[in-house]
Each structure stands twice: as C-alpha cells, then as structure tokens.
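Structure first, then comments.
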Amino acid sequence: MPLVLGLDASTQSFSALVIDTERGAIVADASVNFGQRLPEYNAPSGYIPDGPAGEVHANPLMWLDALELLLEDLCGLCDLSQIAAISGAGQQHGSVYLNGKWVDRVSMLDANGKLSEQLAQCLARKTSPIWMDTSTGAECAEIAAAVGGNEVVCAKSGSVAIERFTGPQIRRFYKTDPGAYARTERIHLVSSFICSVLCGADAPLDTGDGAGMNLLNVATWNWDVALLEATAPGLKDKLPPVVPGATEVGYLSDFFAEKYGMPAGIPITVFTGDNPSSLVGMGASQPGKVVVSLGTSDTFFAAMPGIVTDPAGCGHVFGNPLGGPMSLQCFINGSLAREEVKGRFGYDWARFTEALESTPAGNEGKLMLPFFRPEISPRLDWIQPVLAGGEAFENWQEPAAAIRACVEGQFINLKQRSAWMQLAPEVIFLTGGASKNDAIAQLAADVFQTKIQRLAVSGSVALGAAMRAANSTLGLDITSLENTFCQPEADSEIRPLASTETYASLDARFAELVTR
Ligand code: ADP
Ligand code: XUL
Numbered sequence: 011m012p013l014v015l016g017l018d019a020s021t022q023s024f025s026a027l028v029i030d031t032e033r034g035a036i037v038a039d040a041s042v043n044f045g046q047r048l049p050e051y052n053a054p055s056g057y058i059p060d061g062p063a064g065e066v067h068a069n070p071l072m073w074l075d076a077l078e079l080l081l082e083d084l085c086g087l088c089d090l091s092q093i094a095a096i097s098g099a100g101q102q103h104g105s106v107y108l109n110g111k112w113v114d115r116v117s118m119l120d121a122n123g124k125l126s127e128q129l130a131q132c133l134a135r136k137t138s139p140i141w142m143d144t145s146t147g148a149e150c151a152e153i154a155a156a157v158g159g160n161e162v163v164c165a166k167s168g169s170v171a172i173e174r175f176t177g178p179q180i181r182r183f184y185k186t187d188p189g190a191y192a193r194t195e196r197i198h199l200v201s202s203f204i205c206s207v208l209c210g211a212d213a214p215l216d217t218g219d220g221a222g223m224n225l226l227n228v229a230t231w232n233w234d235v236a237l238l239e240a241t242a243p244g245l246k247d248k249l250p251p252v253v254p255g256a257t258e259v260g261y262l263s264d265f266f267a268e269k270y271g272m273p274a275g276i277p278i279t280v281f282t283g284d285n286p287s288s289l290v291g292m293g294a295s296q297p298g299k300v301v302v303s304l305g306t307s308d309t310f311f312a313a314m315p316g317i318v319t320d321p322a323g324c325g326h327v328f329g330n331p332l333g334g335p336m337s338l339q340c341f342i343n344g345s346l347a348r349e350e351v352k353g354r355f356g357y358d359w360a361r362f363t364e365a366l367e368s369t370p371a372g373n374e375g376k377l378m379l380p381f382f383r384p385e386i387s388p389r390l391d392w393i394q395p396v397l398a399g400g401e402a403f404e405n406w407q408e409p410a411a412a413i414r415a416c417v418e419g420q421f422i423n424l425k426q427r428s429a430w431m432q433l434a435p436e437v438i439f440l441t442g443g444a445s446k447n448d449a450i451a452q453l454a455a456d457v458f459q460t461k462i463q464r465l466a467v468s469g470s471v472a473l474g475a476a477m478r479a480a481n482s483t484l485g486l487d488i489t490s491l492e493n494t495f496c497q498p499e500a501d502s503e504i505r506p507l508a509s510t511e512t513y514a515s516l517d518a519r520f521a522e523l524v525t526r
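Quick note: this note's numbering has the sequence shown finishing at residue 526, numbered continuously throughout.
Below you can see the structure in the form of structure tokens.
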C-alpha cells in the first residue's frame with residue numbers, strides 16, 4: 011500500500027493530502043491554519059498585519075512550526091510509515107534569506123528539538139516578504155531601466171517587473187540592508203525552503219515557481235544573467251539551481267523518520283508554486299482546461315501550448331510543472347475582500363450566501379470595484395473599494411446588494427483581465443476555499459457565461475503535489491492519476507442562469523470606472 015504525501019504551504023494554512031495510489035483513495039486530509047493554531051506569531055491571516063510602505067511579511071519559523079503540527083495531525087490520521095514519495099508546493103514569490111550556517115544546520119536536524127528552534131539561527135532576515143507585498147515600485151522601475159525597459163523584462167521573464175516578484179524584493183533588501191544581504195548565502199522560495207528542510211539539504215526550485223521571480227528566462231528556463239545583474243550583486247551564487255518539475259531532488263531526512271515515523275530516505279520531488287501545483291491537481295496540465303482558484307488570492311490560469319504574454323503587463327507566464335508554459339492572472343482582492351464585506355455586516359458565510367441568493371444577477375445595476383487593498387490586476391493603489399448605484403448603496407446601507415456587488419465585481423474583473431489569454435473555455439474548473447460556496451460558483455457561471463465544474467477532491471494544490479510525486483517516484487502515468495483523482499464532483503455542473511445581456515452594461519461601466 012504505497013502512500014504518497016502532497017504538501018501545500020499556502021498563505022493562510024499549511025495543508026496535506028495523503029493518497030493511496032493502489033486503492034485510488036484519499037487516506038488523509040489535514041490543514042493547520044496559521045492564525046488559529048499559531049496565534050503567538052500574531053499573523054491572523056498568515057502574514058504580519060500593518061507592514062510599512064506596502065510591506066507584507068510572514069515569519070518563516072511559523073511555517074516550520076505549522077509543518078510539525080501538520081505531521082503530528084497526520085500521524086493520527088494514517089500510517090506515515092507507508093509513505094513512499096513526497097512533493098509539495100508553496101505560496102508563490104515569497105522568499106527566505108539564509109546565512110552561512112544554513113547548509114550545515116539543515117543537514118544536522120535533531121529529532122529531540124523543533125525545526126524552528128534549530129533553524130532560527132540560519133535566518134539572515136528575520137521575516138519573509140510574501141506575494142501580497144507591494145513595496146518595491148522603485149526597484150521594479152530600476153530593474154526595468156537597467157535591462158532596457160519592461161518589454162525586455164517581459165520578453166525574458168514572462169512578466170514585466172512586478173512588485174511582489176522575488177527579484178524586486180531581493181533588490182529592495184539589498185538596498186535597505188546591504189550588510190544582511192551580504193551575509194545571505196542562500197535565497198529560497200517558500201516552496202524550495204520547505205523542500206530543503208524535508209530533504210535535510212539545500213534543494214533546487216522548479217520552473218513553475220522560479221518563473222515568479224523576474225529572474226528566470228522563460229525561453230531557456232534558466233537564470234537570466236542580465237536580470238540577475240540588474241537585481242543585486244552576486245545574486246547568482248545565492249540562488250538554488252532550477253530544475254524541471256518532474257525532478258527528484260533529495261531524500262527525506264532522518265529527522266522526519268525519527269520524529270514522525272516516516273521512512274527515512276524516501277525520494278522527494280522538487281516543490282513548485284501553489285498555482286502550478288493546482289494546475290496539476292485540477293487535471294489541467296495539458297492545454298485545454300481553464301482553472302479559476304478562489305483562495306486567499308483569486309487566480310485564473312491554464313496550461314498553454316506556447317508562450318503568450320499580457321500586453322497590459324499584469325499577467326504572467328510560469329513553467330507548467332509537467333512541461334511547457336502556463337499563463338496566470340492573479341488578484342489580491344480575493345477571499346480577504348469577500349471576508350471584509352462579510353465582516354462589515356457581522357455576517358457568517360451562511361448569511362453571506364443568503365445575500366447572494368436573495369439578489370438578482372446584475373444587481374439592478376449596482377456595482378463595486380472591490381479593491382480593498384492595492385490590486386495587482388489591474389495595478390491600482392486603492393485602499394478602499396468604489397461603489398456606484400445610488401446613495402444608500404454607496405453608503406453601505408444595503409448589505410445584500412453590497413455582497414453581490416463585491417463578488418460580481420470580482421468576477422467581472424477576472425474576466426476582463428484574463429481576456430489576453432484568448433481562451434474560450436466551455437467549462438471553467440473552480441477550486442480554492444471559496445469554490446465550495448454554490449452561490450459564488452453560480453455567480454461565476456453567470457458572469458463568465460460558462461459552465462462551472464468542481465472536482466470531487468478538494469485541495470487541488472496538495473493533490474497536485476501528491477500526483478507529481480507519484481508520477482516521478484512511483485512511475486505512475488499522469489493520465490491515469492488524473493482519471494483516478496481528478497474526477498468531477500457528482501451532479502455539480504453549474505450552468506449560467508443569467509442571460510448574456512445581464513452583464514453587458516455592468517461590464518462596460520466597470521471598465522470605464524477602472525480607467526477613471
Ligand atoms: P489559501 O490556500 O490561499 O491559504 P484557501 O484556498 O484555503 O486559501 O481558501 C481560504 C479562504 O476560503 C478563506 O480565507 C475564506 O475566505 C474562504 N472560504 C471558506 N469557506 C467559504 C465559504 N463557505 N464561502 C466563501 N468563502 C469561503
Ligand atoms: C500568484 C500569486 C498568489 C500566490 C498565493 O502569482 O501571487 O496566487 O501564489 O496563492
């Protein structure tokens with residue numbers, strides 16, 4: 011009974027799925043929410059609130075404590091001694107800065123102590139900037155200027171210079187704390203950091219997550235010398251190697267065998283970003299399927315036959331962990347914006363859902379540009395949304411209409427910003443924490459005028475990781491893994507109920523208001 015472990019180190023939680031590939035079953039599904047289980051880190055939504063000047067950081071030691079809590083939880087749910095292969099994924103773009111002690115310390119982990127205690131001394135920077143950070147506008151401009159403009163950055167890296175991407179973040183660190191930058195010997199992504207800890211050795215990163223750095227050349231899938239030089243001195247030596255997503259990069263360290271009863275030495279497949287991993291877990295790693303993920307961020311992505319870049323400069327090309335490129339558009343005002351509106355009226359999800367169900371598609375013309383924090387797609391520095399549709403609505407006196415307007419605004423924006431991919435899917439596959447909400451899924455169907463389908467197994471990021479590990483270590487074919495684990499949820503296809511005209515004028519007004 012070979013079991014396979016897939017890990018998902020996302021923004022608000024660290025989750026895992028254990029799959030039994032012979033029985034075609036999920037044998038364990040667990041999640042550690044950072045805010046709830048590790049309140050001592052003061053990060054209720056997984057990041058340290060109120061950072062200055064657009065900074066959004068998280069404590070990497072919190073991720074390590076969460077990993078240990080997760081493995082403890084899993085011990086009670088399945089027999090970890092049967093795990094034969096592991097892979098995982100992390101929230102994209104976030105970076106961990108490690109000093110000269112790192113390589114030794116990570117190889118000498120003592121099962122009598124905690125990971126966080128033993129690795130704290132390896133941090134050259136106490137906290138990690140994550141994908142929500144918008145503090146690097148100046149650094150983006152400097153990098154673009156140094157290589158000949160954003161067209162060049164985009165042609166090389168698949169994206170223009172983007173504030174949350176790791177290269178601009180590294181440049182800001184180098185400029186604001188050059189001493190600590192000089193003491194940094196290794197910079198990992200969240201994904202490759204966790205992978206290294208499991209391996210007990212410094213691990214490479216993959217082309218899926220590596221492409222979210224403005225440092226990787228998407229034509230060669232290797233570091234781009236001009237981008238490295240434009241970012242910070244001596245950077246090449248501080249970065250791990252890049253490998254394709256199907257590569258085994260190490261073996262499970264004794265620490266995890268002694269402490270959690272997992273078999274020492276089982277192969278670990280390179281980790282990837284949460285979105286590339288979800289592409290695999292949704293059974294969408296071949297071009298043809300479009301996925302919308304409603305997690306902390308909302309994302310719209312698809313495997314692509316070739317590289318296509320966004321003329322508006324907001325979209326991205328990442329590596330598909332199973333080969334070739336994928337396109338992605340990311341929206342920062344996702345679940346946290348929905349939660350903000352919900353919280354404003356003191357509602358729970360049930361009342362939020364009732365509000366969606368009690369209001370008509372098109373919201374009688376009441377519209378929200380739902381940008382509660384600086385948006386990535388389109389790039390806007392707003393810190394509050396814009397409401398249009400009469401005085402009472404604009405003064406937040408109509409809770410149900412405000413809730414509908416928020417979610418409709420989100421999907422209208424998703425649709426407009428992803429048009430550059432020129433995909434006209436017959437079905438959109440929906441995943442992420444908010445996708446289980448039927449009223450939200452119905453609204454997606456109405457706005458996109460497309461059928462919506464969810465999969466029977468939720469947790470597509472961790473599932474994708476487990477599938478990649480099963481593929482590279484156990485030699486199982488991806489198509490047969492998809493046939494087993496990526497089946498649609500029974501009777502769950504959601505068809506558009508609103509007419510095609512319903513959103514035509516809202517669409518046009520939304521576009522006009524965004525430009526204004
Ligand atoms: P991430 O992987 O980015 O940490 P998830 O995909 O786990 O995030 O999604 C978590 C989010 O799902 C929560 O922040 C919450 O807003 C949202 N969520 C959970 N349940 C519901 C629900 N019933 N309706 C709408 N949104 C929900
Ligand atoms: C993608 C992005 C987010 C994070 C967190 O570019 O920034 O989706 O990966 O989920």
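Glycine included, C-beta positions come from ideal geometry on N, C-alpha and C.
For residue i, which residues in the same chain have their Cβ closer than 6 angstroms to its Cβ, ignoring the five residues on either side in sequence?
i       : result
Val-106 : Pro-70, Ser-138, His-198, Phe-203
Ala-466 : Gln-497, Glu-499
Arg-376 : Correcting the residue identity first, residue 376 is Lys in this sequence and not Arg. Answer for Lys-376: Gly-399, Phe-403, Ala-411, Ala-415, listed in chain order.
Met-431 : Ser-337
Gly-64  : Thr-144, Ser-145
Asp-320 : Trp-430
Give the straight-line distance between the Cα atoms of residue i and residue j, rounded to the nearest whole angstrom.
i       : j       : result
Asn-52  : Pro-243 : 34 angstroms
Ile-393 : Asn-447 : 26 angstroms
Val-437 : Gln-426 : 17 angstroms
Asp-39  : Leu-27  : 5 angstroms
Pro-214 : Thr-282 : 10 angstroms
Phe-265 : Leu-133 : 20 angstroms
Ser-468 : Thr-441 : 7 angstroms
Ile-317 : Ala-434 : 17 angstroms
Glu-492 : Asp-187 : 46 angstroms
Pro-250 : Asn-330 : 19 angstroms
Val-219 : Pro-286 : It is Asp, not Val, that sits at residue 219 in the sequence shown. Cα to Cα, Asp-219 sits roughly 7 angstroms from Pro-286.
Ile-29  : Glu-364 : 35 angstroms
Glu-1   : Glu-50  : No answer is possible for residue 1: it lies beyond the span of the chain, which begins at 11 and ends at 526.
Ala-256 : Gly-123 : 32 angstroms
Please check the pair residue i and residue j, which I expect to be a contact at CB under 8 angstroms, by giving their CB distance rounded to whole angstroms.
i       : j       : result
Leu-79  : Arg-196 : In fact, because the Cβ distance is near 25 angstroms, the residues do not count as touching under 8 angstroms.
Ile-278 : Gly-298 : Not a contact, Cβ separation roughly 30 angstroms.
Val-42  : Ser-23  : 6 angstroms
Pro-273 : Ile-93  : 7 angstroms
Cys-88  : Val-37  : 5 angstroms
Met-3   : Ser-470 : In the structure as shown, the chain begins at 11 and stops at 526. Residue 3 is therefore absent and cannot be evaluated.
Thr-31  : Ala-514 : The pair is not a contact, with the Cβ atoms about 47 angstroms apart (cut-off 8 angstroms).
What residue range does the alpha helix (DSSP H) around residue i cover?
i       : result
Met-477 : 470-484
Leu-81  : 70-85
Phe-24  : Looking at the DSSP string, Phe-24 is not in any alpha helix (DSSP H); the run it does join, the beta strand (DSSP E), is 23-30.
Pro-277 : Careful: Pro-277 lies outside any alpha helix (DSSP H), inside the beta strand (DSSP E) at 277-279.
Leu-147 : Before going on, a small fix: residue 147 reads as Gly here, not Leu. Residues 147-157.
Leu-289 : 284-291
Ser-167 : 160-167
Asn-423 : 409-427
Ordered along the chain, which non-local residues of its own chain (more than five positions away) have a Cβ less than 8 angstroms from that of residue i?
i       : result
Pro-315 : Pro-297, Gly-334
Asp-234 : Lys-166, Ser-167, Leu-225, Leu-226, Asn-227
Leu-516 : Gly-372, Asn-373, Gly-375, Leu-377, Glu-418, Ile-422
His-67  : Tyr-57, Ile-58, Gly-61, Thr-137, Ser-138, Pro-139, Ile-140, Asp-143
Short of 7 angstroms in beta carbon distance, which residues of its chain neighbour residue i, apart from the five on each side in sequence? Order them along the chain.
i       : result
Gln-101 : Ala-19, Ser-20, Thr-21, Ile-140, Trp-141, Val-200, Asp-284
Ser-368 : Ala-410
Gly-543 : This structure gives no information on residue 543, because the portion of the chain shown stretches from 11 to 526.
Pro-380 : Asn-343, Ala-347, Pro-395, Cys-416, Gly-419, Gln-420
Phe-362 : Lys-352, Ile-413
Leu-238 : Leu-225, Leu-245, Lys-246
Terminal residues of the continuous beta strand (DSSP E) containing residue i?
i       : result
Ala-312 : 308-313
Ile-197 : 196-199
Cys-340 : 335-341
Gly-189 : First-last for Gly-189: 188-193, but that is the alpha helix (DSSP H), not the beta strand (DSSP E).
Val-228 : Note, Val-228: premise wrong, no beta strand (DSSP E); not H, not E.
Just checking, does the region 332-344 make contact with the region 450-461 on the three C-beta pairs under 8 angstroms criterion? Proximity of the region 332-344 to the region 450-461 falls short of the contact definition, fewer than three beta-carbon pairs being nearer than 8 angstroms.
Could you tell me whether the region 223-242 touches the region 176-191, where touching means 3 or more Cβ pairs closer than 8 angstroms? Yes: the two stretches touch, three or more of their Cβ pairs being nearer than 8 angstroms.
With contact counted as at least three CB pairs below 8 angstroms, one residue from each stretch, are the region 302-312 and the region 417-424 in contact? They touch, by the three-pair rule.
contact_flag[the region 357-368, the region 381-392] where n(CB pairs < 8 angstroms) is 3 or more: Here the region 357-368 does not lie against the region 381-392, with fewer than 3 beta-carbon pairs under 8 angstroms apart.
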